[in-house]
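Q: In our numbering, the protein residues as written are 1 to 176.
Take this structure first; my questions come after.
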C-alpha cells in the first residue's frame with residue numbers, strides 16, 4: 001500500500017482508496033503493480049537475449065559467407081593479406097579497418113611473417129577455421145600435420161576473402 005496525492009485537492013490518499021476522503025474525487029491509481037514490473041523486466045530481458053543471439057549468429061555467418069572448411073583449396077582475393085600470428089593479423093586488420101594504413105602496412109609487410117599484395121592467382125590449403133578467420137598454407141593439411149617444421153609459415157586471413165577452388169578431377173567427372 002502506498003500513499004499518493006489526490007489530483008483535485010493535492011492531499012495524501014491511500015492508493016487503495018476509490019475516492020479521496022478529503023474532497024470525494026475519484027482516485028486514479030497510477031502506481032504499477034510489482035508483478036507487472038517484473039513481467040516487463042522479464043520480457044525486456046528475453047528480447048535482449050534474442051537480439052544478441054540473432055546478431056551474434058548473423059555476424060558469424062557473414063564472417064564466413066563461402067562456408068570455407070579445413071582441407072579445402074582456396075584462392076584469396078586481391079584485398080587479402082595475412083599474418084602468421086592471429087594476434088598480429090587482428091591488430092593489422094584493426095588498423096586497416098580504421099584506415100590507419102601506415103600502421104597496417106608496418107605489420108602487413110613483415111615478410112615472411114605476413115603477406116600483402118601477392119601475385120594472383122595463388123592456391124592455398126585451409127588448415128583451420130576460427131569464426132571468421134582461416135589459417136592457410138601452401139601445403140595440404142595432411143602434409144602440414146606430418147611435418148609442421150618443414151612448412152613453417154601458415155597465415156591467418158579473413159574467410160570472406162577466400163573462394164573455394166573447384167577440383168578439376170571432380171568437374172571432369174560431372175561433365176561425362
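Cβ atoms here follow ideal geometry from the backbone N, Cα and C, with glycine treated the same way.
What you are looking at is a predicted structure, and each value in this text was computed from that prediction instead of being measured.
Mapping the DSSP letters down to three states, classify residue 3 as helix, strand or coil.
A: If DSSP states are grouped into helix, strand and coil, residue 3 belongs with the strands.
Q: With three or more C-beta pairs closer than 8 Å as the rule, is the stretch 75-90 touching the stretch 151-163?
A: At 8 Å Cβ cutoff, the stretches touch.
Q: For the beta strand (DSSP E) containing residue 134, name the first residue and the last one.
A: Taken as a continuous stretch (DSSP letters only), the beta strand (DSSP E) holding residue 134 covers 133-137.
Q: Is residue 43 helix, strand or coil by DSSP?
A: Looking at residue 43 - three-state DSSP - the assignment turns out to be helix.
Q: By DSSP, does residue 145 sit in helix, in strand, or in coil?
A: Of the three classes helix, strand and coil, the one that applies to residue 145 here is helix, per DSSP.
Q: Mind checking residue 27: buried by the 16 CB within 10 Å criterion, or exposed?
A: So residue 27 ends up on the buried side.
Q: Is it buried or exposed for residue 81, if we count other Cβ within 10 angstroms and need 16 for buried?
A: Residue 81 comes out buried.
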